[in-house]
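Read top to bottom, the protein sequences are chains A and B. As numbered in the working numbering, residues 1 to 385 make up the first sequence, in order. As numbered in the working numbering, residues 1001 to 1135 make up the second sequence, in order. C-beta atoms are modelled at their ideal positions from N, C-alpha and C, and glycine is treated no differently. All of these numbers come straight from a predicted model, not from anything done at the bench. First up is the structure itself, then whatever we jot down about it.
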Amino acid sequence: MSLKGKTAIAGLGITRMGKNYDHSSALGFAAEAISLALEDAGLKRSDLDGLLVTTGVSYQGLASFALQDSLRLTTRLLADVNAGGSSAGTALAMAAEAIATGTANVVACVFADAPLKPPAPGGKGGSAGDAYGVPRGLDSAYGAFGANWVYALLAQRHMYLYGTTQDQLGAIAIAERQWANRNPMAQFYKEPLTLEEYHASRWITEPLHLYDCCLVSNGGVCVIVTSAERARDLRKPPVYILGVGQGHHPGPTLDNLDTGIPIAKETAFRMAGIELKDVQVAELYDCYTITVLLSLEGYGFCKKGEGGPYAAATRLGHGGGIPINTGGGELSSYYMWGMTPVSEAIIQARGEGGERQSPKHDVVLASCQTRNLSTHSVVVMGTNP
Amino acid sequence: MAEEVKLIPQVTPELKPFFDAARHHQLAVQKCDNCGKLRFPPAPLCLACDSPRSSWVAVSGRGTVFSFTVMHRAYHPAFKAPYTLAVIELDEGVKITSNVVGIEPSRVKCGMAVEVMFDRLSDEVTLPRFRPAAG
Ligand SMILES: [Zn+2]
């Protein structure tokens, strides 16, 4: 059984992003995103019979249970979905599968996080990095904390093998910023970025500058999935789910720069009946500039090793090729894990992108990844079932 | 003078042979008892033949920098930025995450030859790190 066109995205809710202290925890942002998505779809809370919840680094515990209780929801489907940054694609696939098989009818997939704390009276706010904790394994004994260093090793290896340059990584950061400057929801909406500023930005973990790394955001995103039939009767034009796929490569990706992308792509593109040339807009997970570069190679926009020159020449659509990361991505709009690419893909497919809208948007790709790109999920969505 | 802050890793059962060897200034990795394939970090099964039987063997401690990053922020007081975090490819083919010390971080390169050295953190824990190979 193919899922192609059987289900559709009917609602999208996005809270304010960034240093937003409207709620004290991820659960508050999740609830707000759900209410925004219901309003967007023209649905009521009682229409929901599925809830899939992912919380970021700030929430410990089973968020789906807590959210169900606080919203007083009775559902046929309820789970926390945690495949790291890959979760959004995983949750959308689970929702589509549940709806296509009759397990549930209207499923809310929500991501929320609140790693940033408001400034204390008379003091400074907590550092964003502090929210990400310190593991206690062997790696930490060598001073390996957080995720930055893992991607820095990938970037360094790519530079060593293929001659990829800092300017080429910078081209990705700048191209995303240019997209963000057209996205009123983006944290960097009003701040342009030049190559000089990119190079002058502090090192986080060399060869990654500050602007090679994603933002930290408080906020929530909710996507409501239902049957294609039902979606056609709702407020917004349906965005059909045409193909879903996952690919999980046994890392470390560093060994040979192989990712989970080819497996995920093969499944999703076969389901959707498309080839890469049919994709008109792509939203690629971009926790770091190197993640975009490896995704361009992984999906076949260019050959392995040629991501640097390709990115510098096409500049994510500003200089050629299709529009990519049109909202500014995790680097320049907001960091909601896989819900960043997924939310912008929905906006583009609906034609609601305003100044940044791609003229062609019948087939839109959203990729989600984690663990050095070894864990990957992808959703192909479009305007026709 | 304030006492030096250290981050002493937990000696898990899986890593105990690694730390036992390091205390005696040897770098040890896991070896499959069935096919002889080496592996690190320790894993329950051999990736070459699926055998669960393994022992620990000393390796030369020589290798090359496979990739590295210069950490520009110390997230723990035991570290002083900048410092070099690297994946070392040992001459025996196994990779290990460690530090490259004894050289300015800006002079570290992929492919450069390194050798193990041992840093005693406590009675129980000595940590292997790497420095540029002599000669
Ligand atoms: Zn074996």
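- Interface with chain A (9 Å Cβ-Cβ cutoff): Ser1098 (chain B) is included.
- With 6 Å as the limit, the residues whose C-beta approaches a heavy atom of ligand 1 more closely than that are B:Cys1032, B:Asn1034, B:Cys1035, B:Lys1037, B:Cys1046, B:Ala1048, B:Cys1049, B:Ser1051, in chain order.
- Contacts with chain A at 9 Å (Cβ-Cβ) include Thr1069 (chain B).
- Residue burial annotation: His209 (chain A) is buried, with at least 16 other C-beta atoms found within 10 angstroms of its C-beta.
- For Arg76 (chain A), the secondary structure class from DSSP, reduced to helix, strand or coil, is coil.
- Against chain A, the CB of Gly1061 (chain B) has no partner CB under 9 Å away; the residue lies outside that interface.
- Residue range 106 to 113 is occupied by the beta strand (DSSP E) that includes Val110 (chain A).
- Rounded to the nearest angstrom, the Cβ distance from Met1112 (chain B) to Val1070 (chain B) is 14 Å, too far for a contact under 8 Å.
- Under the 9 Å criterion on CB atoms, Lys1095 (chain B) is classed as interfacial with respect to chain A.
- One alpha carbon belongs to Ala175 (chain A), the other to Val380 (chain A), and they sit about 23 Å apart.
- As for any beta strand (DSSP E) of minimum length 3 sitting wholly inside the region 264 to 346 of chain A, the runs are 281 to 283, ordered along the chain.
- By the rule that beta-carbons nearer than 9 Å mark a contact, Gln1030 (chain B) does not touch chain A.
- Legend: CB atoms of the region 194 to 225 of chain A lying less than 9 Å from CB atoms of chain B belong to residues Arg202, Trp203, Ile204, Thr205, Glu206, Pro207, Leu208.
- Listed by position along chain B, the residues whose Cβ is nearer than 8 Å to that of Ser140 (chain A) are Leu1007, Pro1009, His1076.
- Think of a sphere of 8 Å around the beta carbon of Pro1041 (chain B): the chain A residues whose beta carbon falls inside it are Leu138, in chain order.
- The C-beta distance from Val1057 (chain B) to Lys1031 (chain B) rounds to 5 Å, short enough to meet the 8 Å contact threshold.
- The closest CA to that of Asn384 (chain A), considering only A:Ala30, A:Leu242, A:Asp278, is found on A:Leu242.
- Residues of chain A whose Cβ lies closer than 9 Å to the Cβ of Cys1110 (chain B) are, in chain order, Gln156, Arg157, Met159, Tyr160, Leu161.
- Burial of Arg157 (chain A) is indicated by the presence of at least 16 other C-beta atoms within 10 angstroms of its C-beta.
- DSSP, read as helix, strand or coil, puts Asp1050 (chain B) in coil.
- Here DSSP, grouped into helix, strand and coil, assigns Lys117 (chain A) to coil.
- Taking the Cα of Tyr1075 (chain B) as reference, the smallest distance to any Cα among A:Ser358, A:Pro309, A:Asn148, A:Leu373 is reached at A:Asn148.
- Against chain B, the CB of Ala33 (chain A) has no partner CB under 9 Å away; the residue lies outside that interface.
- Taking the CA atoms as reference points, Arg315 (chain A) sits about 10 Å from Gln178 (chain A).
- Identification of chain B residues near Ala144 (chain A) by a Cβ-Cβ cut-off of 7 Å yields Leu1085, Thr1097, ordered along the chain.
- For Ser1055 (chain B), the three-state secondary structure derived from DSSP is strand.
- For Ile172 (chain A), no beta strand (DSSP E) segment is defined; the enclosing uninterrupted segment is the alpha helix (DSSP H) at 166 to 180.
- For Pro1009 (chain B), same chain residues with a beta-carbon under 7 Å away, outside a window of 5 residues either side, are Val1125 in chain order.
- Annotated three-state conformation of Met185 (chain A) is coil, per DSSP.
- Only residues of its own chain outside the window of five on either side were considered, and among them Leu1027, Gly1061, Pro1128, Phe1130 have a CB closer than 7 Å to the CB of Val1116 (chain B), listed in chain order.
- Distance from the CA atom of Asp1123 (chain B) to the CA atom of Cys1049 (chain B), rounded to whole angstroms, is 37 Å.
- Shown here is that no member of the region 316 to 339 of chain A has a Cβ falling below 9 Å from a Cβ of chain B.
- Chain A has no Cβ within less than 9 Å of the Cβ of Pro1013 (chain B).
- Excluding the 5 residues flanking it on each side, Thr253 (chain A) has same chain C-beta neighbours closer than 7 Å at Leu154, Thr259, Asn372, Leu373, Ser374, in chain order.
- In this structure, Val1011 (chain B) lies away from Phe1068 (chain B), with their beta-carbon atoms at least 9 Å apart.
- In the three-state scheme derived from DSSP, where H, G and I count as helix and E and B as strand, Gln1010 (chain B) is classed as coil.
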